[in-house]
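Chemist: Protein chains in written order, with the working numbering: chain A, 653 to 1049; chain B, 2 to 247. C-beta: ideal position from N, C-alpha, C; glycine also.
Structural data, given as structure tokens:
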């Protein structure tokens, strides 16, 4: 095996891929321009919609206003309400969206307040309408406030202080480190995104430089050269690995920018403190490397087996679906893998990513995952080289 | 030189079963000679040439190129041969210069020598004007010149040409034939497969007619004429094939 030959194939594949317009679109334009733009536009329209709903006054109809004049006045004083007294077609109007909520006051409202008996108000609203939900929240707030005032009056009449109602206070203190906070925030989605980006990044190049080379008839020219078939497979595989890794990094970077540009318009999210240690970053790469190798080797093997690009795409689709499925499993909260499950490729990486992002370092998991993925990547590479030596695979039509 | 003895290639197909693509072929080709493999589609020409080019293995037979065993010394044989067919495509995103540099390097040549050969070949094939234009922008004729340059970069003494004029217009095809003649004049040993009678007539010093994997006849055009009652190669071809079938 000659390293120089592997490098020649590697550079050739890399150059060919970089010069392909589709690569530039998929690797750079989509993640770095399209994602942020999409997020910005979506957030802008979202924000526009929610600002409008929050600024507008809620039209609330009151059924039985005459039974609670004080409460009605309380509601009328709130500037974000437009109070309407009952009309016959209130249910119809609520459905139409002409009014956002109906508050039903019972006949004996004042009497029960006086007698200190529980009172029941009915609030009708439409949970599928944003404006109606806002009206419900506003009424909730006002009723709570009104309730509080009644309680205070009752306490005063009994010569009791407000503190009478709060004999215990539970103070919460979050002891999670910045590292863990970052991790738990990132651990939810990041492993899934990494896996998907690695596979999508590798897919196009892997097919193009294997099945594509067969389709274009260039493969024969390599076979009659001085370069061995193992060197060809390794050179191709390393090129796919690099492209896949760079696609993943650009993809994550694009999503990060998209996330920031999206949130800056919606008004920001709670501040997330980023605090991943260098050790963790090193371990993340340690787990990432065999995963990238595994994805590349498997996709190159499939590409070499296929007659043409179309056939390769149809073989790769179920593999891609399986990857998405394993990725989705990794998102599900509360699921823990047992020892042997760390031998399952892709799934193992996503769980180790999650553990590492949470600041947990389980060496047995890391070593099992690393070894399992390296071995499977090695088997796939061996398989790809074997296929490359089979004339019925190389020249079947 | 090329020596082929008892070459047999059997493929196994799930639907069609055992397929004898080439059956007990025997021929040889000397330095400074163009040896033509003449036969219809499916005669076994491409299979024979792929075996000679070390791409696939023979089922039986002994094949020697410049004294090297094609099966046992495949890597060394590849140094001696240049392979060109209508199917050997080019990399669209590379320029002719980059293409030749790459193929020179993967054939184990030093960059200095490659540059020297590029200057020589590009001059001879009149490729200087488009040497830095990407392949996808080249005409069919330019591409075929590049394919020839690619197969010649490591200065092979044996050329294996599998229907190199298929799909070319008559002007480009004529130019290709002229290059093949010039390579013969340089003393190279050339094996040339075709199904075009005129090409074989004009170009080949010796011709082997193959049909359904079998060698029907071989010899110079004059020798083939002697075996037949016709003068025209096309008529000779049909007569010999019919004789073979009977």
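At the level of alpha carbons, what is the spacing between residue 21 of chain B and residue 185 of chain B?
Modeler: Here residue 21 of chain B corresponds to residue number 20 of the second chain, with the count starting at 1. Here residue 185 of chain B corresponds to residue number 184 of the second chain, with the count starting at 1. So the two alpha carbons sit approximately 32 Å from each other.
Chemist: Establish whether the CB of residue 64 of chain B and some CB of chain A are separated by less than 8 Å.
Modeler: As a first step, residue 64 of chain B must be located in the second chain, where it is residue number 63. Not one chain A Cβ lies under 8 Å of residue 64 of chain B.
Chemist: Listing by chain order, which chain A residues have their CB less than 7 Å from the CB of residue 91 of chain B?
Modeler: As a first step, residue 91 of chain B must be located in the second chain, where it is residue number 90. Simply 870.
Chemist: So, do the segment 963-978 of chain A and the segment 868-876 of chain A have three or more beta carbon pairs nearer to each other than 8 Å?
Modeler: Too few Cβ pairs lie closer than 8 Å, so no.
Chemist: Given that a residue counts as buried once 16 or more other Cβ atoms are within 10 Å of its Cβ, and exposed if not, what is residue 153 of chain B?
Modeler: In the second chain, the residue the question calls residue 153 of chain B occupies position 152. Classification of residue 153 of chain B: buried, given that the 10 Å Cβ count is 16 or more.
Chemist: Short check: CB of residue 1025 of chain A to CB of residue 1002 of chain A, under 8 Å?
Modeler: Your numbering for residue 1025 of chain A matches position 373 in the first chain. Your numbering for residue 1002 of chain A matches position 350 in the first chain. Result no, Cβ atoms of residue 1025 of chain A and residue 1002 of chain A do not sit closer than 8 Å.
Chemist: Please list the residues of the segment 137-156 of chain B that have a C-beta atom closer than 7 Å to any C-beta atom in chain A, keeping them in chain order.
Modeler: Listed by position along the chain: 151.
Chemist: Are the Cβ atoms of residue 90 of chain B and residue 869 of chain A separated by less than 8 Å?
Modeler: Reading the second chain from its first residue, position 89 is the one you call residue 90 of chain B. Reading the first chain from its first residue, position 217 is the one you call residue 869 of chain A. Taking 8 Å as the Cβ cut-off, residue 90 of chain B and residue 869 of chain A qualify as a contacting pair.
Chemist: Going along chain B in order, which residues have a C-beta closer than 8 Å to the C-beta of residue 701 of chain A?
Modeler: As a first step, residue 701 of chain A is located in the first chain; it is residue number 49 there, counting from the start. Ordered by position in chain B, no residue passes the 8 Å Cβ test against residue 701 of chain A, which lies about 46 Å from the chain.
Chemist: Exposed or buried, what is residue 657 of chain A when buried is set at 16 or more other beta-carbons lying within 10 Å of its beta-carbon?
Modeler: Position 5 of the first chain holds residue 657 of chain A. Buried, because 16 or more other Cβ atoms sit within 10 Å of the Cβ of residue 657 of chain A.
Chemist: Please check the pair residue 998 of chain A and residue 847 of chain A, which I expect to be a contact at CB under 8 Å, by giving their CB distance rounded to whole angstroms.
Modeler: In the first chain, the residue the question calls residue 998 of chain A occupies position 346. In the first chain, the residue the question calls residue 847 of chain A occupies position 195. Residue 998 of chain A to residue 847 of chain A, Cβ: 6 Å. Contact.
Chemist: So, is residue 13 of chain B buried or exposed, given that buried needs 16 or more other C-beta atoms within 10 angstroms?
Modeler: The sequence position of residue 13 of chain B within the second chain is 12, counting from 1. Exposed.
Chemist: Please report whether the beta-carbon of residue 269 of chain B lies at a distance below 8 Å from any beta-carbon of chain A.
Modeler: Residue 269 of chain B lies beyond the range of chain B shown here (2 to 247); nothing can be said about it.
Chemist: Less than 6 Å between C-beta atoms, sequence neighbours within five positions excluded: which residues of the same chain meet that for residue 4 of chain B?
Modeler: One-based indexing of the second chain puts residue 4 of chain B at position 3. Cβ neighbours of residue 4 of chain B beyond the five flanking positions: 29, 65.
Chemist: Considering only their Cβ atoms, is the gap separating residue 687 of chain A from residue 863 of chain A smaller than 8 Å?
Modeler: As a working mapping, residue 863 of chain A is identified with position 211 in the first chain. As a working mapping, residue 687 of chain A is identified with position 35 in the first chain. In this structure, residue 687 of chain A does not lie closer than 8 Å to residue 863 of chain A by Cβ.
Chemist: How would you write the range of the beta strand (DSSP E) that residue 22 of chain B sits in, first residue to last?
Modeler: Here residue 22 of chain B refers to the residue found at position 21 when the second chain is read from its first residue. Residues 18-30.
Chemist: Is residue 891 of chain A near residue 949 of chain A, with beta carbons less than 8 Å apart?
Modeler: Position 239 of the first chain, counting from 1, holds the residue named residue 891 of chain A. Position 297 of the first chain, counting from 1, holds the residue named residue 949 of chain A. No, the pair does not count as a contact, with Cβ atoms beyond the cut-off.
Chemist: Put residue 88 of chain B into one of helix, strand or coil per three-state DSSP.
Modeler: As a first step, residue 88 of chain B must be located in the second chain, where it is residue number 87. Residue state, collapsed to three classes: coil.
Chemist: Using CA atoms only, rank isn't needed, just tell me which of B/173, B/241, B/163 is closest to residue 42 of chain B.
Modeler: Counting from 1 along the second chain, the entry for residue 42 of chain B is found at position 41. The candidate whose alpha carbon is nearest that of residue 42 of chain B is B/163.
Chemist: Could you give the first and the last residue of the continuous alpha helix (DSSP H) run that contains residue 215 of chain B?
Modeler: On the second chain, position 214 is the one that residue 215 of chain B refers to. Looking at the DSSP string, residue 215 of chain B is not in any alpha helix (DSSP H); the run it does join, the beta strand (DSSP E), is 215-220.
Chemist: Compute the Euclidean distance between the alpha carbons of residue 1015 of chain A and residue 942 of chain A, then round it to the nearest angstrom.
Modeler: Your numbering for residue 1015 of chain A matches position 363 in the first chain. Your numbering for residue 942 of chain A matches position 290 in the first chain. Each residue's Cα considered, the two are about 16 Å apart.
Chemist: In terms of DSSP beta bridges, what is residue 212 of chain B paired with?
Modeler: For the purposes of this step, residue 212 of chain B is taken as the residue at position 211 of the second chain. According to DSSP, which records beta bridges pairwise, residue 212 of chain B is partnered with B/215.
Chemist: So with CB distances below 9 Å, who are the chain A contacts of residue 243 of chain B?
Modeler: In the second chain, residue 243 of chain B corresponds to position 242, counting from 1. Those do not exist, as residue 243 of chain B stays about 29 Å from chain A at its closest Cβ, beyond 9 Å.
Chemist: For residue 898 of chain A, which residues from the same chain have a beta carbon less than 8 Å from its beta carbon, with the 5 sequence-adjacent residues on both sides left out?
Modeler: Locating residue 898 of chain A in the first chain gives position 246, where the first residue counts as 1. Excluding positions up to five away in sequence, the list reads 679, 853.
Chemist: On the premise that residue 714 of chain A lies in contact with residue 775 of chain A, defined as a C-beta separation below 8 Å, what is that separation, rounded to the nearest angstrom?
Modeler: In the first chain, the residue the question calls residue 775 of chain A occupies position 123. In the first chain, the residue the question calls residue 714 of chain A occupies position 62. Wrong, their Cβ atoms sit about 11 Å apart, outside the cutoff.
Chemist: For a contact defined as C-beta to C-beta under 8 Å, what are the partners of residue 118 of chain B on chain A?
Modeler: Residue numbering aside, residue 118 of chain B sits at position 117 when the second chain is read from its first letter. The premise fails here: residue 118 of chain B is roughly 15 Å from chain A at the closest Cβ pair, so nothing lies under 8 Å.
Chemist: Determine the closest residue to residue 54 of chain B out of B/25, B/45, B/85, B/37, with distance taken between C-alpha atoms.
Modeler: Position 53 of the second chain, counted from the start, is the residue given in the question as residue 54 of chain B. It is B/85 whose Cα lies nearest to the Cα of residue 54 of chain B.
Chemist: According to DSSP, is residue 1034 of chain A helix, strand or coil?
Modeler: Residue numbering aside, residue 1034 of chain A sits at position 382 when the first chain is read from its first letter. Of the three classes helix, strand and coil, the one that applies to residue 1034 of chain A here is helix, per DSSP.
Chemist: Using DSSP with H/G/I as helix, E/B as strand and the rest coil, what is residue 63 of chain B?
Modeler: One-based indexing of the second chain puts residue 63 of chain B at position 62. It is a strand residue.
Chemist: Please name the residue, chosen from A/786, A/751, A/780, A/859, that lies closest to residue 969 of chain A on a Cα-to-Cα basis.
Modeler: Position 317 of the first chain holds residue 969 of chain A. Cα-wise, what sits closest to residue 969 of chain A is A/859.
Chemist: Under the rule that 16 or more other beta-carbon atoms within 10 Å means buried, what is residue 108 of chain B, buried or exposed?
Modeler: Here residue 108 of chain B corresponds to residue number 107 of the second chain, with the count starting at 1. Buried, since its Cβ has 16 or more Cβ neighbours within 10 Å.
Chemist: Residue 932 of chain A and residue 867 of chain A look like a contact to me (Cβ under 8 Å); what is the Cβ gap, rounded to whole Å?
Modeler: Locating residue 932 of chain A in the first chain gives position 280, where the first residue counts as 1. Locating residue 867 of chain A in the first chain gives position 215, where the first residue counts as 1. About 43 Å separates the two Cβ atoms, so there is no contact after all.
Chemist: Measure how close the beta-carbons of residue 97 of chain B and residue 131 of chain B come, nearest whole angstrom, since I'm counting them as under 8 Å.
Modeler: For the purposes of this step, residue 97 of chain B is identified with residue 96 of the second chain, where counting begins at 1. For the purposes of this step, residue 131 of chain B is identified with residue 130 of the second chain, where counting begins at 1. Going by Cβ atoms, the distance from residue 97 of chain B to residue 131 of chain B rounds to 6 Å, so yes, they are a contact pair.
Chemist: What separation, rounded to the nearest whole angstrom, lies between the Cα atoms of residue 59 of chain B and residue 6 of chain B?
Modeler: For this step, residue 59 of chain B is matched to residue 58 along the second chain. For this step, residue 6 of chain B is matched to residue 5 along the second chain. Spanning the two alpha carbons is a distance of roughly 11 Å.
Chemist: Does any residue of chain A have a CB that is nearer than 8 Å to the CB of residue 191 of chain B?
Modeler: Locating residue 191 of chain B in the second chain gives position 190, where the first residue counts as 1. Taking Cβ atoms only, chain A never reaches closer than 8 Å to residue 191 of chain B, which makes this a no.
Chemist: Can you check which of these residues, A/689, A/683, A/1007, A/819, is closest to residue 987 of chain A by C-alpha distance?
Modeler: Looking up residue 987 of chain A in the first chain gives position 335. Of the listed residues, the one whose Cα sits closest to residue 987 of chain A is A/1007.
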